[in-house]
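Novice: I have a structure I would like to understand better, so I am pasting it below and will then ask my questions one at a time.
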Amino acid sequence: MSARFIWSANSREARTYKIVGWTLFVIALVLFTFAYADTAQIEIFGNGYALSLPRASKAIAFMIAILGLQVVVGYTGQLVLGQSFFFGTGAYLGAYMVADHNWPWVLSLLVVVPVCFIIGAIFGLPALRIKGLYLALVTLGLAATFPSIVQLDALDEYTGGASGKTVSSDLVPPSWLPLDGISSIFQNIPFFGQYFGEGDLSSSESERIWKFFLFTVLLAICIWLVSNLIKSRSGRALRAIRDNETSAAVSGVNLAKDKTLSFGLASALGGVGGVVYVAELGIASPLDFTQLLAINFIVGLVVGGVGTLSGAVVGGIVIAFIPDWSASTESFPGIPERWLQGPTGVFILGALLILLTFVLPGGVVAGMRRIKGRILQIVPQPPKGARVPTPPDGADAELRHEADEITAGVAANDPLTDEPKD
Amino acid sequence: MDLFLARLFDGLSNGSTYALIALALVIIYKATTLINFAQGEMAMFGAFVVLVLATEQGLPIWVAVILGMVFSAVAAAGIERVLIRPFDPYDHLPLVIVTLGLFLSITALAGIIWRFDPRAFPRMYPAGTALTIGNATLTWYTVGVVATVLIVAGLVTLLLNTTKIGLAFRAVSSNIESSELAGIRVGPTLQFGWALAAAVGTLGACVFVADPIRQLEPSVMVRVLIFAASAAAIGGLDSLWGAVIGGLVIGMVQSIIVPYVGFIPNEMSLATAVIVLMLVLLFRPSGLFGTARVERV
Amino acid sequence: MSESANDIGSDAVATDSPRAKTIGDTLLDVKDLHGGYGPIRVLHGLDFHVAEGEVVVILGANGAGKTTTLRALSGKLDATGSVMFGDEDLISKKTADIVRMGVAHVPQGRGTLPELSVEDNLHVGAYIRKDKEVRADIDRWYDVYPVLKERRHQRAGSLSGGEQQMLAVARALMSRPKLLLLDEPSLGLAPLIVQDLFERFRRINQETGTTMLVVEQNAQLALSIADRGYVIESGTISIQGNAHELMHDDAIRKAYLGV
Ligand SMILES: Nc1ncnc2c1ncn2[C@@H]1O[C@H](COP(=O)(O)OP(=O)(O)O)[C@@H](O)[C@H]1O
Ligand SMILES: [Mg+2]
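This is the structure we're talking about:
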């Protein structure tokens, strides 16, 4: 309670803060979109670091997959390491629907989501019996098999075998959207206008902007859905399973149903991430979906922060940009160039994973919250407000306590962090 | 029949590698109920050290192997002290995360130092054929690999059953709290387990890439870990000889059953191992040889 | 204490008449002991002592802090205060070192090493010893408690509850301790077996002079072999006295003897 500012959640200050915060965030996002529609580079020590929209879109794909891991690992406490399997399934299935059946991308989700949900739920069934490290082992094994499954001779005509499945993007922005107009407005801002290029957007630029916009909306929908689930009765059941499976069962949680739901949902999110990935890249190749990707997702989960929704966003950025940027680093003071030519990105991710487990087990998000907590605290309203979740009838005091904590957590968030309250 | 025998011999040599890595997994699992996901990568790194000692320093291959095993043991002891011991041994999530971090860092480190071009590994066993039955040939490599596994498993058993550190190790595996109350220093005992496992694992990686049909490169053990884990699970994850038998079984399944059963295409052997792993865990969680210890949730 | 486990002969167990025992200087002196589990504080300033050769019992209801007290003595808990063992303060010493100084602890629930053979359990008990008499001590235990000999190659987990408790005590004594800590040895055992067990404890104390600090809920039996006793309530000592007095103390009779 030593923060500089302490506001109650319903106070005018807190609401203004929220509205202003979100508005600034959206404006920053739009500016970013138009500024980096063209592949832009930052120069540091003579290395060019790309900050382009395609990379950001790739990061969104990863964010959605990590969001799935938040559900099953972060909130349900099941050690699932095989998210790359579902990411790959989503990517291939999406590419197949679009390339071979001419479905629009958005509709391909109608196939990918249920299929991944069902496969995930089926793999969740053994998890009712296989626990802890064994589950980690089985799911990692599953992830390892994915490349050989899509390269099966029998599947060759659908998956393209070793060379992968190519698909062209049909995500052309609708003609009524005045992208060029918006762009020229930004270009005319004095002094800053130079960062937005000149003249009309090329067709690939406007397509990138449109894709990034769609992906962002999709991500927002996924976050919204998951945050609602987390706050719901089922969400509380999942957390109860995480904290103590036995006592969860005793207090009336249907382990089979809720675990299966958790697995299904996580896998479905993995699939959605895969669709975004292939929609951005235009190709799904078997070696993109290996164990290494599965472990990278865990890196994103942990570095962002296990059990936080905003952790998925941070994690996606980390695993999308660190390997690319490390690969772009060709010289760095004090480090022999020979070393920089190796897989430094993977090394950094591994070291980061270990380091954070030691110094910041809650991930980057926990660190940011701690800093923010020093400056600003928003305390929840007494339960008069309708938004305080009421514990289920049979729930014990502990659950009730937890519900209060969650409320506090929600209320204390700033626009960029967890579980947006509205 | 010849084909069957040929595949049986193949299965023996593959299975022996799985058995050695499985042994390493089991040693650490016995002590702490932890699965070291970086075991294969640590072994790969050790094999590179052996390769450097043998080809660049010109040491005889078996001398290089022994030195490489010592190197791995020391490195693993250091890793245990710095990265593993600070955590509660029964809180699995941070430990799994640390071993996954090791997985990434060690693969990357090997890639940074030695690059990804495959390198030929020196022969560890005489070339040529020991036995020919029809068209099936049993090479000295296969004979040597199987003998190596049996000798190593025997030595490890002897070490654990007849030495004082072995007694401490078994005690800690059985009940950490009581072991502590008997005056056993738990940390150094688990460190011994990590060192032993790393040494055995490194030998496993060497044996694997010493097969003339293989070469050493940083990702060589990635798939092997899954096979080895299945092998260890068949053995119950805490039985040394169970792991050896499990390794041989997985090797056989891979080379005999997979090609025979027409509908399982060849590249599916990894999937077969995963399915075996899943079935064992589902229907016989304590494996075929393990003690019936319930997984601590 | 060189004589400790050496004197337990089969004849000693067979005889019924207790030898006169000698109570010596204070061996363990606990003052103002505080401790707990992180934020949960359990012990709120305990004071008690145990003299050489004594059997002292600590009585207390479930959750009173008995186990916590013993864990604090063994260095398994962050505790403050003073725990003088001879000339040395055990506070903030490591368990492994405390054991080497001569404190053996049989934890609640016996703490057998179930996957190890009976004989290996005894070897683990002698882990800190470097002398050559380990084998002789094991054989002596086999004479005292022949069941252990019959089952020497079986997994300790396969023994019955009473046998396991006896094995746990034998294992602890294999370290030739100056002080034996016993945490609710009667827990989960049938009354007849408990009686036999306590009788054996009494003899071990008399034959070897091993000092014992026993934590119990079974007040009647524990007091019957004890010299002195304490009652612990919510982490503080509420009553103390010699065993005979305590057995006739009305409050105790009400609370622990069900009279
Ligand atoms: N590991 C633990 N963590 C937190 N509290 C504990 C733990 N063990 C015991 N306690 C608490 O400490 C108190 C004393 O426990 P304990 O010493 O085991 O009692 P006793 O042995 O007298 O039955 C109890 O209230 C118990 O709930
Ligand atoms: Mg107790």
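Chains as they are written, first to last, in the working numbering: chain A, 42 to 463; chain B, 36 to 332; chain C, 9 to 267. Ideal Cβ positions, reconstructed from N, Cα and C, are used throughout, including at glycine.
If I follow the unbroken beta strand (DSSP E) through C/Ile-99, where does it start and stop?
Specialist: Here residue 99 of chain C refers to the residue found at position 91 when the third sequence is read from its first residue. Unbroken run through C/Ile-99: none, as it is neither H nor E.
Novice: Nearer than 7 Å: is that true of the beta carbon of B/Ala-54 relative to any heavy atom of ligand 1?
Specialist: The residue labelled residue 54 of chain B in the question sits at position 19 within the second sequence. No, Cβ of B/Ala-54 sits at least 7 Å from all heavy atoms of ligand 1.
Novice: According to DSSP, what are the bridge partners of B/Asp-126?
Specialist: One-based indexing of the second sequence puts residue 126 of chain B at position 91. B/Asp-126 pairs with nothing; no bridge assigned.
Novice: Can you list, in chain order, the residues of its chain whose CB lies under 8 Å from that of A/Lys-252, leaving out five sequence neighbours each side?
Specialist: Along the first sequence, read from residue 1 onward, the residue named residue 252 of chain A stands at position 211. Hits under 8 Å: Leu-94, Ser-98, Ser-210, Leu-212, Ala-320, Glu-321.
Novice: Determine, using beta carbons only, whether A/Thr-257 comes closer than 8 Å to chain B.
Specialist: If you number the first sequence from 1, residue 257 of chain A lands on position 216. No, no contact with chain B.
Novice: Look at C/Val-239 and C/Leu-67 and say whether their C-beta atoms are less than 8 Å apart.
Specialist: As a first step, residue 239 of chain C is located in the third sequence; it is residue number 231 there, counting from the start. As a first step, residue 67 of chain C is located in the third sequence; it is residue number 59 there, counting from the start. Taking 8 Å as the cut-off, the beta carbon of C/Val-239 is found closer than this to the beta carbon of C/Leu-67.
Novice: Residues around ligand 2, please: the condition is that the C-beta lies closer than 7 Å to some non-hydrogen atom of it.
Specialist: C/Lys-74, C/Thr-75, C/Gln-116, C/Asp-191, C/Glu-192, C/Val-223
Novice: Would you say A/Ser-369 and A/Ile-389 are within 8 Å of each other, going by their C-beta atoms?
Specialist: Here the question's residue 369 of chain A lines up with position 328 in the first sequence. Here the question's residue 389 of chain A lines up with position 348 in the first sequence. With contacts defined by Cβ atoms closer than 8 Å, A/Ser-369 and A/Ile-389 do not form a contacting pair.
Novice: Between B/Gly-281, B/Gly-322, B/Gly-146, which has its C-alpha nearest B/Gly-46's C-alpha?
Specialist: As a working note, residue 46 of chain B is residue 11 in the second sequence. Closest by alpha carbon: B/Gly-281.
Novice: May I ask you to report which of helix, strand or coil DSSP gives A/Pro-424?
Specialist: Residue mapping note: residue 424 of chain A aligns to position 383 of the first sequence, counting from 1. Confidence in A/Pro-424 is poor, its pLDDT being 48 and thus under 50, which makes the residue's placement too unreliable to answer from.
Novice: Straight-line CA distance for B/Val-257 to A/Phe-187?
Specialist: Position 222 of the second sequence holds residue 257 of chain B. Position 146 of the first sequence holds residue 187 of chain A. Cα to Cα, the separation comes out at about 14 Å.
Novice: Short check: CB of B/Leu-130 to CB of B/Leu-69, under 8 Å?
Specialist: Your numbering for residue 130 of chain B matches position 95 in the second sequence. Your numbering for residue 69 of chain B matches position 34 in the second sequence. Their beta carbons are under 8 Å apart, which means B/Leu-130 touches B/Leu-69 by this criterion.
Novice: DSSP state of A/Lys-206, grouped into three classes?
Specialist: Numbered from 1 along the first sequence, position 165 holds the residue referred to as residue 206 of chain A. Here A/Lys-206 sits in strand by DSSP.
Novice: Just the C-alpha distance for C/Gly-249 and C/Ala-263, rounded to the nearest angstrom, thanks.
Specialist: Indexing the third sequence from 1 puts residue 249 of chain C at position 241. Indexing the third sequence from 1 puts residue 263 of chain C at position 255. CA-CA distance, C/Gly-249 to C/Ala-263, rounds to 16 Å.
Novice: In angstroms, rounded to a whole number, what distance separates the CA positions of B/Pro-124 and A/Thr-331?
Specialist: Sequence index remark: in the second sequence, residue 124 of chain B carries index 89 (1-based). Sequence index remark: in the first sequence, residue 331 of chain A carries index 290 (1-based). B/Pro-124 and A/Thr-331 have their C-alpha atoms some 29 Å from each other.
Novice: Out of B/Gly-236, B/Ile-291, B/Ala-308, state which residue places its alpha-carbon closest to the alpha-carbon of B/Thr-52.
Specialist: What you label residue 52 of chain B is simply residue 17 of the second sequence in a count that begins at 1. Among B/Gly-236, B/Ile-291, B/Ala-308, the Cα nearest to that of B/Thr-52 belongs to B/Gly-236.
Novice: Going along chain B in order, which residues have a C-beta closer than 8 Å to the C-beta of C/Pro-122?
Specialist: Residue mapping note: residue 122 of chain C aligns to position 114 of the third sequence, counting from 1. Under the 8 Å cutoff, chain B gives Ser-209, Asn-210.
Novice: For A/Tyr-77, verify whether its CB is less than 7 Å away from any heavy atom of ligand 1.
Specialist: Position 36 of the first sequence holds residue 77 of chain A. Not one heavy atom of ligand 1 sits closer than 7 Å to the Cβ of A/Tyr-77.
Novice: My guess is that A/Arg-96 and A/Asp-365 are in contact by the Cβ rule of under 8 Å, so how many angstroms apart are they, rounded?
Specialist: Reading the first sequence from its first residue, position 55 is the one you call residue 96 of chain A. Reading the first sequence from its first residue, position 324 is the one you call residue 365 of chain A. Yes, A/Arg-96 and A/Asp-365 are in contact; Cβ-Cβ is about 6 Å, under 8 Å.
Novice: Going by beta-carbon coordinates alone, are B/Pro-153 and B/Glu-252 separated by less than 8 Å?
Specialist: Numbered from its first residue, the second sequence carries residue 153 of chain B at position 118. Numbered from its first residue, the second sequence carries residue 252 of chain B at position 217. Cβ atoms of B/Pro-153 and B/Glu-252: closer than 8 Å.
Novice: Tell me the DSSP bridge mates of C/Ser-232?
Specialist: Start at 1 with the first residue of the third sequence, and residue 232 of chain C comes out as number 224. Note: C/Ser-232 sits in no beta bridge, so no partner.
Novice: Residues of the stretch 135 to 150 of chain B in Cβ contact with chain A at a cutoff of 8 Å, in chain order, please.
Specialist: Leu-135, Gly-136, Leu-137, Phe-138, Leu-139, Ser-140, Ile-141, Thr-142, Ala-143, Leu-144, Gly-146, Ile-147, Ile-148, Arg-150
Novice: If we require 4 or more residues per run, which alpha helix (DSSP H) segments fall completely within the stretch 48 to 103 of chain C?
Specialist: Counting whole runs of 4 or more residues, the stretch 48 to 103 of chain C contains the alpha helix (DSSP H) stretches 74 to 81.
Novice: What separation, rounded to the nearest whole angstrom, lies between the Cα atoms of A/Pro-433 and A/Ala-297?
Specialist: Reading the first sequence from its first residue, position 392 is the one you call residue 433 of chain A. Reading the first sequence from its first residue, position 256 is the one you call residue 297 of chain A. Unreliable positioning characterises A/Pro-433 in this predicted model, as indicated by a pLDDT of 41, which lies under 50. The coordinate reading is nonetheless provided below. For A/Pro-433 and A/Ala-297, the distance between alpha carbons rounds to 18 Å.
Novice: Report, in whole angstroms, the separation of the C-beta atoms of A/Leu-342 and A/Gln-111, which I expect to be a contact under 8 Å.
Specialist: Taking the first sequence and counting its residues from 1, one reaches residue 342 of chain A at position 301. Taking the first sequence and counting its residues from 1, one reaches residue 111 of chain A at position 70. Their Cβ separation, rounded to whole angstroms, is 7 Å, which keeps A/Leu-342 and A/Gln-111 in contact under 8 Å.
Novice: When Cβ atoms are compared, which residues of the stretch 51 to 65 of chain C fall closer than 8 Å to chain B?
Specialist: none
Novice: Which word fits A/Arg-53, buried or exposed, when buried means at least 16 other C-beta atoms lie within 10 angstroms of its C-beta?
Specialist: To locate residue 53 of chain A, count along the first sequence from 1; it is residue 12. Exposed, because fewer than 16 other Cβ atoms sit within 10 Å of the Cβ of A/Arg-53.
Novice: Would you please state the rounded distance, in angstroms, between the beta carbons of C/Leu-229 and C/Val-202? I believe it to be under 8 Å.
Specialist: Mapped onto the third sequence, residue 229 of chain C falls at position 221. Mapped onto the third sequence, residue 202 of chain C falls at position 194. The Cβ separation is near 6 Å, so the contact holds.
Novice: At a threshold of 7 Å, does C/Tyr-45 count as lining ligand 1 (C-beta to nearest heavy atom)?
Specialist: Start at 1 with the first residue of the third sequence, and residue 45 of chain C comes out as number 37. Under cutoff, so the answer is yes.
Novice: Are the Cβ atoms of B/Ala-78 and B/Ile-62 separated by less than 8 Å?
Specialist: Counted from its first residue, the second sequence places residue 78 of chain B at position 43. Counted from its first residue, the second sequence places residue 62 of chain B at position 27. Taking 8 Å as the Cβ cut-off, B/Ala-78 and B/Ile-62 do not qualify as a contacting pair.
Novice: The alpha helix (DSSP H) that contains B/Ile-219, what's its start and end?
Specialist: Against the second sequence, residue 219 of chain B aligns to sequence position 184. No alpha helix (DSSP H) contains B/Ile-219, which DSSP labels as neither H nor E.
Novice: Using a C-beta to C-beta distance shorter than 7 Å, which residues of chain A count as neighbours of B/Val-155?
Specialist: Along the second sequence, one-based indexing puts residue 155 of chain B at 120. Sequence check: residue 155 of chain B is Ala here, not Val. Going along chain A, no residue has its Cβ under 7 Å from B/Ala-155, so there is no contact; the nearest lies around 21 Å.
Novice: Which term fits A/Ser-245, buried or exposed, when burial requires 16 or more other beta carbons within 10 angstroms of its beta carbon?
Specialist: As a first step, residue 245 of chain A is located in the first sequence; it is residue number 204 there, counting from the start. Result: exposed.
Novice: Is the beta carbon of A/Ala-361 within less than 7 Å of some heavy atom of ligand 3?
Specialist: Although ligand 3 was asked about, the structure shown includes only ligand 1 and ligand 2 as ligands.
Novice: Are B/Ala-54 and B/Ser-208 close, meaning C-beta to C-beta below 8 Å?
Specialist: As a position in the second sequence, residue 54 of chain B is number 19, starting the count at 1. As a position in the second sequence, residue 208 of chain B is number 173, starting the count at 1. No, they are not a contact pair.
Novice: Rounded C-beta distance between B/Gly-189 and B/Met-159? I'm assuming under 8 Å.
Specialist: Residue 189 of chain B sits at position 154 when you count from the first residue of the second sequence. Residue 159 of chain B sits at position 124 when you count from the first residue of the second sequence. Rounded, the Cβ-Cβ distance is 19 Å, inconsistent with contact.
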